[in-house]
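Peer 1:
Residue numbers (the numbering used here): 594 to 717.
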């Protein structure tokens, strides 16, 4: 069985990446290959990296409040590139009322503060 490849990205101007690094480490410890893009990536840069790295999943972390714009934009760009099979999940300070719209836009799961890494699929 091939190793699952996951890209973890920080879209927008958010400069806090502790949560992204915690998730990256948990996924790596669960046997996945994890690529971290670093801070302040545009949706276009994130999608380009996901395609270049041939990932299976893409995790987005956003604490700036711009998730309603950035997360759907990444999903849209993946679809435009014929890469809708890349699963997109997100996390950060995201109000519960925003989650249904993000899922409707194609984000498969949202993890909010306090989520245990054990609750992230593939980690347990």
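Just so you know, even glycine gets a beta-carbon here, dropped at the ideal spot from N, CA and C.
1. Buried or exposed: where does residue 717 fall if 16 or more other Cβ atoms within 10 Å of its Cβ makes it buried?
2. When you compare each of 698, 706 and 702 to residue 685 by their alpha carbons, which one comes out closest?
3. Once the 5 residues before and after residue 670 are set aside, which same chain residues still bring their CB inside 6 Å of it?
4. Which full runs of the beta strand (DSSP E) of 3+ residues lie inside the region 606 to 654, going along the chain?
5. For residue 604, which three-state DSSP category applies?
6. With DSSP as the reference, identify every bridge partner of residue 598, one or two as the case may be.
Peer 2: Straight from the coordinates:
1. Within the chain shown, residue 717 is the residue found at index 124, counting from 1. A caution first: residue 717 carries a pLDDT of 41, below 50, which makes its placement in the model unreliable, though a value can still be read off. Per the 10 Å Cβ criterion, exposed.
2. Counting from 1 along the chain shown, the entry for residue 685 is found at position 92. If we check each option's Cα against that of residue 685, 706 comes out closest.
3. Counting from 1 along the chain shown, the entry for residue 670 is found at position 77. Counting only Cβ-Cβ distances below 6 Å, and skipping sequence neighbours, we find 636 and 640.
4. As summarised for the region 606 to 654, the continuous beta strand (DSSP E) elements at least 3 residues long and confined to that stretch are 626 to 629, given in chain order.
5. Locating residue 604 in the chain shown gives position 11, where the first residue counts as 1. Residue 604: strand per DSSP, three-state reduction.
6. To locate residue 598, count along the chain shown from 1; it is residue 5. Its beta-bridge partners are 626.
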